[in-house]
Amino acid sequence: MPDERLDGYAEALLAVAAAEGRSTVIEDELFRVGEALRQNDELLAALSDSRLPIEKRQGVVEDLLGEKASAVTTALVSMVVGTGHGGRLPEIVDAMAARGAADRDRVLAKVRSAIELTEDQKTRLAQAIKSSTGADVEIRVIIDESVLGGLVTEIGDDVIDGSVRRRQSQLRENFG
Amino acid sequence: MTATIRRAAGAFGLIGVLLAFGAVPASAVGETIGTCMFDELLEVEEEFGKLKELKKPEHKEDLLALEEDWEKCVEAPSPILPEPDEIIWGGAAFLILFGFMWWKGFPAVQRAMQARSEKIAADLDAAEQAKTEAASVLADHEARLAGAKAEAAQIVEDARAQADLVAEEIQARANEEVAQMRARAAADIESARSQAVSDLRGVVADIAVGAAERVIKSNLDVDTQRALVDAYIDEVADGNA
Numbered sequence: 061m062p063d064e065r066l067d068g069y070a071e072a073l074l075a076v077a078a079a080e081g082r083s084t085v086i087e088d089e090l091f092r093v094g095e096a097l098r099q100n101d102e103l104l105a106a107l108s109d110s111r112l113p114i115e116k117r118q119g120v121v122e123d124l125l126g127e128k129a130s131a132v133t134t135a136l137v138s139m140v141v142g143t144g145h146g147g148r149l150p151e152i153v154d155a156m157a158a159r160g161a162a163d164r165d166r167v168l169a170k171v172r173s174a175i176e177l178t179e180d181q182k183t184r185l186a187q188a189i190k191s192s193t194g195a196d197v198e199i200r201v202i203i204d205e206s207v208l209g210g211l212v213t214e215i216g217d218d219v220i221d222g223s224v225r226r227r228q229s230q231l232r233e234n235f236g
Numbered sequence: 066m067t068a069t070i071r072r073a074a075g076a077f078g079l080i081g082v083l084l085a086f087g088a089v090p091a092s093a094v095g096e097t098i099g100t101c102m103f104d105e106l107l108e109v110e111e112e113f114g115k116l117k118e119l120k121k122p123e124h125k126e127d128l129l130a131l132e133e134d135w136e137k138c139v140e141a142p143s144p145i146l147p148e149p150d151e152i153i154w155g156g157a158a159f160l161i162l163f164g165f166m167w168w169k170g171f172p173a174v175q176r177a178m179q180a181r182s183e184k185i186a187a188d189l190d191a192a193e194q195a196k197t198e199a200a201s202v203l204a205d206h207e208a209r210l211a212g213a214k215a216e217a218a219q220i221v222e223d224a225r226a227q228a229d230l231v232a233e234e235i236q237a238r239a240n241e242e243v244a245q246m247r248a249r250a251a252a253d254i255e256s257a258r259s260q261a262v263s264d265l266r267g268v269v270a271d272i273a274v275g276a277a278e279r280v281i282k283s284n285l286d287v288d289t290q291r292a293l294v295d296a297y298i299d300e301v302a303d304g305n306a
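If you read the protein sequences in the order shown, they are chains P and G.
Per the numbering used here, the first sequence runs over residues 61 to 236.
Per the numbering used here, the second sequence runs over residues 66 to 306.
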């Protein structure tokens, strides 16, 4: 998919979320759906499998998100899958989140954590990143148990890894 | 040559026969004792008329002369000197025979001898030439034999040198292969040792890290998780992350 088309879909998702008046919730749900697909290759492959009828792929989306996400979010995901771009949904969602943050004069910061962060932690983390890098960031938390503990923050191409997993890796490397 | 000699011998034989029948022997033409004495009596009768006259004293010397003549007739001929007529006939025959032989026989014999000598010389020359040729052939064979021996020796020497070279190459190749095998074996041993050490380290790391993970997981309750998050936020704020 060319970047122009990817940006177009991202802009479309943002526009729908804004039109529904629930940009924050819908963007957050879409972001979580994108991360869930990125961590589940089989599901991503199923949604992008052209041998499956589109109706069936959309049915899978509705079954998965029916009660866990808003109807708008489910409809938007179903729409992307219906256009045949379900395989690139994580990229579209990333582009949507980055574009949404940019619209709010922020930089997207993807934070991986084993537990959900409190709003206070999110605020303090944003302030800490701003004091460290000078950039206003918009925190998007991704629940990832493989982190074990601590946080992994991705800001663009920069990664700040303070996870227990990294320390275990360092320990393993030191043994090696 | 042999025919010429035979012809000459035949001519000599013929001449001898002619001379033998043509010549009168001295005994045939010469006087016998009786005729000699009879001739002497005839001479006495011619001189004195009758033989009785000699008995007379005045003819005593004539009688003595007659007796001497008779004694001469009785005397035997010389065993050495032939009669003159024999000498004449024999000499003539000899001269004729000698002349004939000088005229015919000697040239024939001389030609035969010359031919014989020439043949012997030619045979000697041929023998000498054959000897020379044989010597040349012998020398040539000896030269070839020497050349063949030298060539054989050279071939043997070359073969020995080639064999030595091949042996050296084989030895060098074997040494090189042995060195390579040793190097490979050493490398294999080192690789195996390194792999064993690495595997052991991996096992130890797995055990240690696994134990650590179990300890960490058992201790990572919600409060600990939040404490870790707070510590991370503080580190980022301090710029130590």
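Beta carbons are placed, not taken as given, at the ideal position from N, Cα and C, and that holds for glycine.
As the structure is a prediction and not an experimental result, all values here were calculated from the model.
Under DSSP, P:Val167 forms a beta bridge with P:Val197.
DSSP places P:Glu214 within a strand segment (E or B) once states are collapsed to three. Note that the C-beta distance between P:Val219 and P:Ser173 is not below 7 Å. C-alpha of G:Asp104 to C-alpha of G:Thr97: approximately 10 Å in a straight line. The Cβ of G:Ala270 sits closer than 7 Å to at least one Cβ of chain P. P:Leu73 is the residue among P:Arg232, P:Arg227, P:Leu73, P:Asp221 whose C-alpha sits nearest the C-alpha of P:Leu136. For G:Trp154, the enclosing alpha helix (DSSP H) starts and ends at 149-165. Chain G places a beta carbon closer than 7 Å to that of P:Ala188, counting this residue as a contact. About 5 Å separates the CB atoms of P:Leu97 and P:Pro150; that is less than 8 Å, so the two are in contact. The Cβ-Cβ distance between P:Val207 and P:Arg225 falls below 7 Å.
Taking the C-beta atoms as reference points, G:Ala270 is found nearer than 7 Å to P:Phe235. Pairing P:Gly216 with G:Ile298, the inter-Cα distance amounts to about 19 Å. The residue from G:Ala277, G:Gly99, G:Asp150 with its alpha-carbon nearest to that of P:Gln228 is G:Ala277. Taking all protein chains in view, the Cβ of G:Ile185 is surrounded by fewer than 16 other Cβ atoms within 10 Å, so the residue is classified as exposed. The beta-carbon separation of P:Val141 and P:Val121, rounded to 6 Å, stays under the 8 Å limit for a contact.
Distance between G:Ser182 and G:Pro147, taken at the CA atoms: about 41 Å. In the DSSP annotation of this structure, P:Arg111 is not part of any alpha helix (DSSP H), being labelled neither H nor E. Between P:Gly222 and P:Leu211, the CB-CB gap stays under 7 Å. By the beta-carbon neighbour count (other beta carbons within 10 angstroms, threshold 16), P:Leu104 is buried. Three or more Cβ pairs closer than 8 Å define a contact, and the region 105-113 of chain G meets that threshold against the region 123-143 of chain G. If you compare the alpha carbons of P:Arg148, P:Arg65, P:Glu71, P:Ser138 with that of P:Ala161, the shortest gap goes to P:Glu71.
When DSSP states are grouped into helix, strand and coil, G:Ser143 belongs to the coil group. Here P:Arg117 is buried. Its C-beta has 16 or more other C-beta atoms within 10 Å.
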